[in-house]
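Residue numbers (this note's numbering): 1 to 176.
Everything on this sheet refers to the single structure shown next.
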Ligand code: IMP
């Protein structure tokens with residue numbers, strides 16, 4: 001792996017505190033409802049696993065695979081479905097869990113795709129949001145942290161498959 005210059009942006013403690021807050025608000029929203037919590041692979045696996053444990057009501061877990069970056073730091077602009085859900089969403093309340101909204105293309109694609117499956121509602125959550133990078137609109141019900149338009153890794157987010165296992169979020173500086 002190339003030598004990357006990483007600087008810590010959001011600590012493990014800050015992430016876990018924010019997840020508890022979001023989890024508490026989702027618990028209120030989803031109590032006594034039939035909920036499918038959709039993890040968008042690969043980037044949101046870590047956020048998703050912490051978030052669903054912070055939701056104190058029943059949820060069905062399912063997984064959606066998409067790819068849009070193809071090993072670079074820039075979105076290809078084309079979203080590819082790599083794994084479909086195994087649960088019917090018809091009449092159910094969907095919790096869509098993303099790691100980061102950058103251009104908004106992936107979230108927009110996912111929301112349109114899920115809408116065709118006739119859910120009762122879609123609640124969209126992203127751990128990170130880069131408002132300055134926006135190209136298309138997408139509805140976000142909760143955001144963990146708004147960040148600048150810099151490439152970040154860690155806590156599920158990768159660069160060429162690496163750094164997903166960092167327990168914090170780091171900004172990527174120069175590539176040597
Ligand atoms: P968007 O379609 O441009 O909003 O990008 C969404 C997807 O691109 C996310 O689900 C991530 O997988 C990836 N992505 C966007 N920005 C970053 C970043 O700063 N670091 C790592 N992955 C990113």
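Where a beta carbon is used, it is the ideal one built from N, C-alpha and C, also for glycine.
Nothing here was measured: the structure is a model prediction, and the numbers come from that model.
inquiry  = Between the alpha carbons of residue 158 and residue 144, how many angstroms are there, rounded?
reply    = 18 Å
key: Nearest residue (CA-CA) to residue 125, options 65, 116 and 44   = 44
request  = State yes or no: is the C-beta of residue 98 nearer than 7 Å to some heavy atom of the ligand IMP?
outcome  = yes
ask   = Once you ignore the five residues that flank residue 136 on each side, which residues in its own chain have a CB closer than 8 Å to its CB?
value = 103, 104, 105 and 108
Residue range of the beta strand (DSSP E) that includes residue 8 = 4-10
Where residue 134 falls: helix, strand or coil (DSSP) = coil
task = Please name the residue in 32, 123 and 33 whose C-alpha comes closest to that of residue 39.
result = 123
ask   = Counting Cβ pairs, one atom from each stretch, are 3 or more of them under 8 Å apart for the stretch 12-20 and the stretch 61-68?
value = no
task = Count the other C-beta atoms from every protein chain shown that fall within 10 angstroms of the C-beta of residue 48, then say buried if there are 16 or more, exposed otherwise.
result = buried
ask   = residue 104: beta carbon under 7 Å from a heavy atom of the ligand IMP?
value = yes
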